[in-house]
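Have a look at the structure below before the remarks.
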Amino acid sequence: MNLLRQLADIIYPPRCTVCSRFLWKGPLVRETRSAFFCQDCAADFHCVASPLCPICGQPFPSEVREDHLCEDCLRKRPFYEAAWAPYRYEGAILKAIQRFKYGSKSFLADALGPLLARFAEERLDGAGPVLIMPVPLHPKRLQERGFNQSLLLAKHVSRALHIDLDFLSLRRARYTPPQTSLAKRERQQNVRGAFELKNQGAVKGKTILLVDDVVTTGNTLNECARILRKGGAQTVFGLSLARTGR
């Protein structure tokens with residue numbers, strides 16, 4: 030297998046998925062153990078760390094290390110139990126996700142999915158039976174993009190953790206403008222009523238792990254969680270690859 034890998038590296042020299050630099054230190058010697066990221070880009074992945082909101086996962090720009098609820102969660106608790114993300118949406122992970130999501134680079138799911146799966150395994154330790162569901166795309170958006178990035182990430186988490194995956198029960202019922210182009214209040218209105226649950230029996234009494242690529246204000250995640258809880262889900266957790274800061 031090592032010989033075959035070396036031959037493959039000669040024909041298709043491995044490059045970093047973020048900066049496209051060759052992943053070689055010398056002839057047939059890879060720079061890192063990773064097949065996807067160079068050392069510099071891997072070092073530019075900034076982890077989400079305390080202080081943060083223990084519910085929505087919003088990191089705070091403060092030297093105080095204690096976690097505490099953010100203003101939004103204090104005013105109105107979300108429909109999900111907690112939202113988790115391993116990385117801040119900045120630096121190399123931002124570039125990788127944007128190439129993945131907007132650059133038609135669906136193969137990058139093989140680089141990013143395992144990162145999310147390892148993080149999810151730590152968070153779900155002892156959580157009991159869980160059903161994984163990706164945040165759905167509207168059919169029009171799916172046709173435009175060619176794939177649902179959240180589903181590709183969810184598949185990696187499902188396979189790695191041996192957890193059932195349901196990508197059919199929760200659907201996008203209404204086409205909406207991208208959240209990135211809207212103000213905070215507009216984002217809440219934009220996703221209201223945008224999702225529907227086709228099969229309540231699939232979620233009734235279950236713990237749901239809702240997977241997305243990036244969480245900003247959390248409105249999309251919260252609206253999905255509202256529909257799932259209304260349909261009978263016992264608990265909903267959010268899992269994304271990256272989280273924006275304030």
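Taking the numbering used here, the leading residue of the sequence shown gets 30, the next gets one more, and so forth. Glycine included, each C-beta is placed from N, C-alpha and C at the ideal position.
- By the C-beta density criterion, E95 is exposed, having fewer than 16 other C-beta atoms within 10 angstroms.
- Residue range A138 to R152 is occupied by the alpha helix (DSSP H) that includes D139, with no beta strand (DSSP E) assigned at that position.
- The beta-bridge partner set that DSSP reports for C76 consists of Y116.
- With contacts defined as CB atoms closer than 8 Å, A112 and G142 fail to qualify as a contacting pair.
- When only Cα atoms are considered, R44 and E119 end up about 21 Å apart.
- Using a 10 angstroms sphere on the CB of C82, the tally of other CB atoms reaches 16 or more, which defines it as buried.
- Taking a contact as a CB-CB distance under 8 Å, the pair A223 and S198 does not count as one, their CB atoms being some 16 Å apart.
- For the pair R174 and Q68, the Cα-to-Cα distance works out to about 30 Å.
- I192: not part of any alpha helix (DSSP H); DSSP gives it neither H nor E.
- In the displayed model, S198 falls within coil according to three-state DSSP, outside both helix and strand.
- Between the beta-carbon of V240 and that of R272 there is about 13 Å, and that puts the pair past the 8 Å contact cut.
- In the DSSP assignment, R272 falls within the beta strand (DSSP E) that extends over T264 to R272.
- For F196 against A140, the beta-carbon gap comes to about 21 Å, at or over 8 Å, which does not count as contact.
- Each residue's CA atom was taken as its position, placing I122 and Y116 some 7 Å apart.
- Distance check between R258 and each of G247, G274, I237 and S269 places I237 closest, using alpha-carbon atoms only.
- Sequence-distant Cβ neighbours of K130 in its own chain, meaning closer than 7 Å and more than five residues away, are Q178 and D242.
- Per DSSP, the unbroken alpha helix (DSSP H) holding P168 starts and ends at P168 to R174.
- DSSP, read as helix, strand or coil, puts I237 in strand.
- By the CB criterion at 8 Å, K134 and V47 fall outside the cutoff.
- Counting the other Cβ atoms within 10 Å of the Cβ of S269 gives 16 or more, which makes it buried.
- F136 is classed as exposed because its beta carbon has fewer than 16 other beta carbons within 10 Å across all chains shown.
- Scanning E92, C76 and D101 for the CA closest to the CA of R214 turns up D101.
- At least 8 Å separates the beta-carbon of P165 from that of R203.
- Take K233, set aside five residues on each side of it, and the residues of its chain with a beta-carbon closer than 6 Å to its own are G261, in chain order.
- Put simply, of R216, L171 and K169 the residue whose alpha carbon is nearest the alpha carbon of N251 is R216.
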